[in-house]
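Reviewing the structure listed below.
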Amino acid sequence: MTPSIAALRARRLPPRWFQRDTELVARALIGCALVHGARAAMIVEAEAYLDERDLASHARFGPTPRNQVMFGPGGVTYVYLCYGVHEMFNVVTGAAGTAGAVLIRAAAPLVGLPEPVDDAALRGPGKLTRALGLSRAHDRRPLDDDALFIARWRRVPAAAIARSPRIGVAYAGAWAARPLRFTLAGHPAVSGPRGKGRG
DNA sequence: CTAAGGATTTCT
DNA sequence: GAAATCCTTAGC
95 MTPSIAALRA
105 RRLPPRWFQR
115 DTELVARALI
125 GCALVHGARA
135 AMIVEAEAYL
145 DERDLASHAR
155 FGPTPRNQVM
165 FGPGGVTYVY
175 LCYGVHEMFN
185 VVTGAAGTAG
195 AVLIRAAAPL
205 VGLPEPVDDA
215 ALRGPGKLTR
225 ALGLSRAHDR
235 RPLDDDALFI
245 ARWRRVPAAA
255 IARSPRIGVA
265 YAGAWAARPL
275 RFTLAGHPAV
285 SGPRGKGRG
């Protein structure tokens, strides 16, 4: 079943939707559609990155030129380059003055993706941004934009969502173990460990 | 397993 | 300024 971009636009989530607790938003993003231009994909994996206390978060050093948007109000993008190679797409969360963002790590193809499309095409944060045509050019953009937004799509029951430690943050001490990664359990597009379920 | 790759942040 | 670090991926 493939939705139209127009139908997704009608279901667009407003800025206020993102201006809530980061962990709550990360979980609620599973099953939503990330839309850029004519391309859309269903989010199946997302990680919460919290405020200054979270030693895995970019916010851990306080506001800097790069991460400053994390300290503003939710509902805007935060895109940065990692390992000199990969663009990482995040959504800023929470109220102004409280740092927080959610990293979108994997999605399942919905519409408009360049062929061939398979589950691996958007599995992993770097591949996801490449497939959707997102880059740092899209940093700090409002998410209620006509061409870049997130829409309510599939309703996901609580039992279908798995929690696990975040990927690639082993340096963060005790924070590395916290279950701030949310996945659609067993979905083939989820990167790394796929959580509970048959897979 | 490791190299690539460029920017960010923290050090001297 | 210099050096270490980094929310990864593809390719030996």
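Everything in the first sequence is counted per our numbering, starting at 95 for the first residue and increasing by one.
C-beta atoms are modelled at their ideal positions from N, C-alpha and C, and glycine is treated no differently.
Every value quoted in this text rests on a predicted model; they were computed, and no experiment measured them.
Endpoints, alpha helix (DSSP H) assigned at residue i
| i | result |
| --- | --- |
| residue 223 | 219-226 |
| residue 294 | Outside the displayed span of the chain (95 to 293) sits residue 294, for which this structure offers no information. |
| residue 103 | 99-104 |
| residue 116 | 116-122 |
Nearest-angstrom beta carbon gap, residue j and residue i [assumed within contact, 8 angstroms]
| i | j | result |
| --- | --- | --- |
| residue 116 | residue 142 | 5 angstroms |
| residue 220 | residue 263 | The Cβ separation is near 16 angstroms, so there is no contact. |
| residue 245 | residue 127 | 5 angstroms |
| residue 139 | residue 224 | At roughly 16 angstroms, the Cβ-Cβ gap does not stay under 8 angstroms, so residue 139 and residue 224 are not in contact. |
| residue 173 | residue 229 | 7 angstroms |
| residue 166 | residue 237 | In fact, because the Cβ distance is near 13 angstroms, the residues do not count as touching under 8 angstroms. |
| residue 260 | residue 274 | 5 angstroms |
Delimiting residues of the beta strand (DSSP E) encompassing residue i
| i | result |
| --- | --- |
| residue 132 | Segment: none, residue 132 is in no beta strand (DSSP E) and carries neither H nor E. |
| residue 255 | 255-258 |
Beta-ladder partner(s) of residue i, from DSSP
| i | result |
| --- | --- |
| residue 238 | 243 |
| residue 184 | 172 and 197 |
| residue 127 | 136 and 245 |
| residue 205 | 134 |
| residue 141 | 197 and 275 |
Buried versus exposed call for residue i [16 or more other C-beta atoms within 10 Å across all chains shown]
| i | result |
| --- | --- |
| residue 251 | exposed |
| residue 279 | buried |
| residue 164 | buried |
| residue 95 | exposed |
| residue 292 | Only weak support is given to the placement of residue 292: the predicted model assigns it a pLDDT of 31, under 50, and the value that follows is read from those uncertain coordinates. So residue 292 ends up on the exposed side. |
| residue 258 | buried |
| residue 158 | exposed |
| residue 130 | buried |
| residue 267 | exposed |
| residue 181 | buried |
| residue 195 | buried |
| residue 240 | exposed |
| residue 197 | buried |
| residue 253 | exposed |
- Task: Report yes or no: do the segment 153-165 and the segment 207-225 share at least 3 C-beta pairs separated by less than 8 angstroms?
- Result: no
- Item | Meets three-Cβ-pair contact criterion under 8 angstroms: the segment 247-266 and the segment 184-195 | no
- Query: On the three-pair Cβ rule with 8 angstroms, is the segment 96-104 touching the segment 195-214?
  - Reply: yes
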